[in-house]
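Student: Residue numbers (the working numbering): 15 to 399. We put the CB at the ideal spot given by N, CA and C, even for glycine. Please read these numbers as outputs of a predicted model, since none were measured by experiment. First, the structure itself, so that you have it in front of you.
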Ligand SMILES: [Zn+2]
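Written as structure tokens, this is what we have:
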């Protein structure tokens with residue numbers, strides 16, 4: 015029988031690996047592999063291009079379509095500058111809570127899954143149970159893509175992807191998509207007394223930002239009347255901006271970052287087409303000033319929306335497990351949208367509260383783990399049936 019203590023032991027190990035997204039997650043992946051290999055799991059890595067990180071896909075049971083994927087990310091957000099009262103890499107129990115970075119988001123779910131690995135390995139499974147552990151979720155959800163591609167190419171398409179992000183075991187059926195862009199404008203510095211002699215990067219940025227503001231206003235005024243989302247429309251906000259050196263110098267550089275949250279059905283590329291047309295125009299204008307001048311735009315985060323599919327296999331599965339029949343929408347993005355886009359029904363449900371995610375003194379309530387043991391008991395009963 016799987017116990018709280020076994021989950022705690024595994025979680026303590028997972029938390030002890032500092033898997034801040036900027037660093038390698040390979041020591042954690044190796045430890046997970048060493049844990050799962052003796053249980054007979056089929057293990058497949060899909061590494062990052064630079065080889066510093068890897069996803070891990072593990073399979074119990076037959077290599078057949080129709081399996082259930084337990085999905086979670088191994089990376090965590092930084093602790094830099096946060097006032098922790100405990101060592102974030104040391105799982106500490108206090109007042110019915112387990113403190114540690116990633117305890118809630120989302121190594122707690124990984125630990126629950128792993129604590130049941132031995133049970134999965136001994137069941138006469140008629141369809142597989144998979145673990146899909148990713149990297150770089152916290153920095154734009156890009157890491158999981160090569161693993162999804164591998165799963166899609168495997169010919170063993172799962173019927174359910176269960177993303178165990180913290181929801182306090184409530185079922186989340188949808189979220190908006192996220193695109194974050196970083197824009198860098200390089201102009202030509204000159205004395206402000208004669209703007210003709212240079213090209214202000216800030217002035218060009220203002221023109222570009224105005225277009226974004228216009229698109230954002232249009233989205234709001236054409237907001238869908240009926241929606242699962244609140245706000246119901248696609249939002250665009252500019253979260254960072256900087257540039258220039260002095261009042262009397264035309265700014266050589268300006269950089270800004272903007273965030274687009276799309277409702278299902280809105281294609282961010284189409285939405286931003288007028289912005290990118292203006293980027294082209296500004297870039298051409300600035301490049302004429304010198305080879306160093308111009309505009310670059312980089313995507314920093316890219317997660318498609320997860321849309322509600324009420325009768326999907328994933329919805330039916332998770333509602334049967336949790337008994338939760340409410341329709342809820344997440345205020346955050348996850349990898350579920352990417353799985354859904356690849357054709358795999360996905361849903362979000364896991365231990366802990368998103369309120370504790372990313373915080374100093376992040377914790378997972380032991381009660382949430384107890385609830386989790388019951389959810390997994392029902393899952394195993396379902397697999398036996
Ligand atoms: Zn997360």
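Comparing C-alpha positions only, which one of 157, 77, 260 sits nearest to residue 39?
Tutor: In the chain shown, residue 39 corresponds to position 25, counting from 1. Ranking the options by Cα distance to residue 39, first place goes to 157.
Student: For residue 194, count the other beta carbons within 10 Å of its own beta carbon; 16 or more makes it buried, fewer makes it exposed. Which is it?
Tutor: For the purposes of this step, residue 194 is identified with residue 180 of the chain shown, where counting begins at 1. Looking at its Cβ environment, which holds 16 or more other Cβ atoms inside 10 Å, residue 194 is buried.
Student: Let me know the alpha helix (DSSP H) ranges lying completely inside the stretch 235 to 297, each 4 residues or longer, listed in chain order.
Tutor: Counting only runs of 4 or more, we get 282 to 285.
Student: In angstroms with no decimal places, state the Cα-to-Cα distance between residue 260 and residue 34.
Tutor: Position 246 of the chain shown, counted from the start, is the residue given in the question as residue 260. Position 20 of the chain shown, counted from the start, is the residue given in the question as residue 34. The straight-line gap from Cα to Cα measures roughly 37 Å.
Student: Specify the secondary structure class of residue 317 as computed by DSSP and reduced to three states.
Tutor: Position 303 of the chain shown holds residue 317. Of the three classes helix, strand and coil, the one that applies to residue 317 here is strand, per DSSP.
Student: Tell me the start and end of each unbroken beta strand (DSSP E) in the stretch 94 to 174 that is at least 3 residues and wholly inside, in chain order.
Tutor: Entirely contained in the stretch 94 to 174, the beta strand (DSSP E) runs reaching 3 residues are, in chain order, 106 to 108, 111 to 113, 143 to 148.
Student: Quick one: grab the DSSP three-state call for residue 375.
Tutor: Counting from one through the chain shown, the residue named residue 375 turns up at place 361. Three-state result, residue 375: coil.
Student: Give me, in chain order, the residues of the same chain whose beta-carbon lies closer than 7 Å to that of residue 115; leave out the 5 immediate sequence neighbours on both sides.
Tutor: One-based indexing of the chain shown puts residue 115 at position 101. So the list reads 29, 90, 93, 102, 103, 376, once near-sequence residues are dropped.
Student: Quick one: what's got a C-beta closer than 7 Å to residue 393's C-beta in the same chain, skipping five residues either side?
Tutor: The residue labelled residue 393 in the question sits at position 379 within the chain shown. The answer, listed in chain order, is 335.
Student: Going straight from the alpha carbon of residue 200 to that of residue 265, what length do you get?
Tutor: Within the chain shown, numbered from 1, the residue matching residue 200 stands at position 186. Within the chain shown, numbered from 1, the residue matching residue 265 stands at position 251. Cα-Cα distance, rounded: 8 Å.
Student: So, helix, strand or coil for residue 331, using DSSP?
Tutor: As a working note, residue 331 is residue 317 in the chain shown. If DSSP states are grouped into helix, strand and coil, residue 331 belongs with the helices.
Student: Give the DSSP bridge partners of residue 87, in chain order.
Tutor: Counting from 1 along the chain shown, the entry for residue 87 is found at position 73. Its beta-bridge partners are 148.
Student: Does the beta-carbon distance from residue 175 to residue 317 come in below 8 Å?
Tutor: Taking the first residue of the chain shown as 1, we reach residue 175 at position 161. Taking the first residue of the chain shown as 1, we reach residue 317 at position 303. Taking 8 Å as the Cβ cut-off, residue 175 and residue 317 do not qualify as a contacting pair.
Student: Between residue 321 and residue 188, which are expected to be in contact by the criterion C-beta below 8 Å, what is the C-beta distance as a whole number of angstroms?
Tutor: Taking the first residue of the chain shown as 1, we reach residue 321 at position 307. Taking the first residue of the chain shown as 1, we reach residue 188 at position 174. Confirmed, Cβ separation roughly 6 Å.
Student: Measuring from the CB of residue 119, is there a heavy atom of ligand 1 at a distance below 7 Å?
Tutor: Within the chain shown, the letter at position 105 stands for residue 119. Residue 119 Cβ: within cutoff of ligand 1.
Student: Heavy atom of ligand 1 less than 7 Å from the Cβ of residue 87, yes or no?
Tutor: Start at 1 with the first residue of the chain shown, and residue 87 comes out as number 73. Under cutoff, so the answer is yes.
Student: Give the C-beta separation of residue 179 and residue 17 to the nearest angstrom, bearing in mind that I take them to be a contact with Cβ-Cβ under 8 Å.
Tutor: Indexing the chain shown from 1 puts residue 179 at position 165. Indexing the chain shown from 1 puts residue 17 at position 3. Not confirmed; about 24 Å, so no contact.
Student: Is the beta carbon of residue 263 closer than 8 Å to that of residue 205?
Tutor: Here residue 205 corresponds to residue number 191 of the chain shown, with the count starting at 1. Here residue 263 corresponds to residue number 249 of the chain shown, with the count starting at 1. A contact, by the Cβ cut-off of 8 Å.
Student: Is residue 317 a contact residue of ligand 1, with contact defined as CB to any heavy atom under 7 Å?
Tutor: As a working mapping, residue 317 is identified with position 303 in the chain shown. For ligand 1, not one heavy atom lies less than 7 Å from the Cβ of residue 317.
Student: CB of residue 371 to nearest heavy atom of ligand 1: below 7 Å?
Tutor: Here the question's residue 371 lines up with position 357 in the chain shown. Result yes, Cβ under 7 Å from ligand 1.
Student: Measuring straight from C-alpha to C-alpha, what distance separates residue 117 and residue 235?
Tutor: For this step, residue 117 is matched to residue 103 along the chain shown. For this step, residue 235 is matched to residue 221 along the chain shown. Straight-line Cα distance between these residues: approximately 41 Å.
Student: Flag residue 179 as yes when its Cβ comes closer than 7 Å to any non-hydrogen atom of ligand 1, and as no otherwise.
Tutor: The residue you call residue 179 lines up with position 165 of the chain shown. The answer is yes for residue 179.
Student: By Cβ distance, which residues of its chain are closer than 7 Å to residue 21, with the 5 residues on each side in sequence left out?
Tutor: Within the chain shown, the letter at position 7 stands for residue 21. Closer than 7 Å at the Cβ level, and outside the excluded window around residue 21, lie 125, 126, 129, 383.
Student: Is the CB-CB distance between residue 268 and residue 219 below 8 Å?
Tutor: To locate residue 268, count along the chain shown from 1; it is residue 254. To locate residue 219, count along the chain shown from 1; it is residue 205. Cβ distance < 8 Å, so residue 268 and residue 219 count as in contact.
Student: Compute the distance between the beta-carbons of residue 319 and residue 154, then report whether it is under 8 Å.
Tutor: As a working mapping, residue 319 is identified with position 305 in the chain shown. As a working mapping, residue 154 is identified with position 140 in the chain shown. Contact: no.
Student: Are the CB atoms of residue 272 and residue 249 nearer to each other than 8 Å?
Tutor: Residue numbering aside, residue 272 sits at position 258 when the chain shown is read from its first letter. Residue numbering aside, residue 249 sits at position 235 when the chain shown is read from its first letter. Their beta carbons are not under 8 Å apart, which means residue 272 does not touch residue 249 by this criterion.
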